[in-house]
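The sequence shown finishes on residue 137 if you use the numbering used here, and the numbering steps up by one all the way, no holes.
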Amino acid sequence: MARTELLLAGAIALAACASTPPPPPLPFDVRPTMTGLRVDTLAIARGLEAANQDGVVSNARRLESIVIVPPGADAGAEFDSLAAGFTSAARLLRGSLESDDLPRARIAFSQLLQRCDACHARFRAPAR
Ligand code: HEC
């Protein structure tokens with residue numbers, strides 16, 4: 010690699026570091042909850058793919074009622090609002106599945122996935 014390319018690669022790496030400070034630590038371990046979320050989310054993805062919306066209503070109900078911030082824990086206002094946004098997206102998804110509205114359920118599901126990403130972008134440390 011030419012020297013200028015090396016310098017450029019270094020600058021890009023530094024810029025990436027500067028724009029992604031480590032996420033603020035949480036006062037609880039959110040990983041067990043995330044493992045559960047993932048199971049239900051994958052089941053819903055498969056259900057929507059197979060147009061089997063009835064079969065995944067219970068998964069959506071679980072997502073809607075999952076408690077991300079344990080009672081009494083203080084995760085901060087930003088995390089709380091990302092968690093609340095997730096729950097409202099799950100509510101919309103559950104409602105569209107219950108009313109057998111597959112097109113709406115697909116939209117609601119992609120909005121739900123955006124809520125996962127929004128919170129991860131801010132609070133999940135990048136993989137090393
Ligand atoms: C309100 C915030 C928030 C939302 C919403 C959220 N996550 Fe997470 N998730 C986190 C944080 C924070 C971590 C990193 C936890 C750690 O490494 O300690 C994480 C980690 C994970 C992990 C890795 C768990 C592990 O054992 O390392 C998975 C899988 C995951 N999330 C799936 C999801 C899915 C799927 C959704 C949406 C359906 C979702 N998450 C929504 C905050 C969130």
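Just so it is clear, CB atoms sit at the ideal spot from N, CA and C, and this is done for glycine as well.
*Close Cβ partners of F37 (< 8 angstroms) along its chain, the five nearest in sequence each way excluded*: Here the question's residue 37 lines up with position 28 in the sequence shown. Result list for F37: V78, P79, A82, A84, in chain order.
*asked:* Does Q62 pass the burial test, meaning 16 or more other C-beta atoms within 10 Å, or should it be called exposed?
replied: Mapped onto the sequence shown, residue 62 falls at position 53. Under this definition Q62 is a buried residue.
*Contacts around D126, its chain only, beta-carbon distance under 8 angstroms, and the 5 residues preceding and following it disregarded*: Taking the sequence shown and counting its residues from 1, the one referred to as residue 126 is at position 117. Counting only Cβ-Cβ distances below 8 angstroms, and skipping sequence neighbours, we find nothing.
*Take D134 and list the residues in its own chain whose beta-carbon comes closer than 7 angstroms to its own, dropping the five residues that flank it on each side.*
For the purposes of this step, residue 134 is taken as the residue at position 125 of the sequence shown. Inspection of the sequence shows that residue 134 is occupied by Ala rather than by Asp. Cβ neighbours of A134 beyond the five flanking positions: P31, P32.
*Give me the Cα-Cα distance between A69 and A117, rounded to the nearest whole angstrom.*
Working through the sequence shown from its first residue, we reach residue 69 at position 60. Working through the sequence shown from its first residue, we reach residue 117 at position 108. So the two alpha carbons sit approximately 11 angstroms from each other.
*Does DSSP classify L35 as helix, strand or coil?*
In the sequence shown, counting from the first residue as 1, residue 35 sits at position 26. The answer is coil: DSSP assigns L35 none of H, G, I, E or B.
*Using only the heavy atoms of the ligand HEC, determine whether one of them is closer than 7 angstroms to the beta carbon of V3.*
Because the chain here runs from 10 to 137, residue 3 falls outside it and cannot be looked at.
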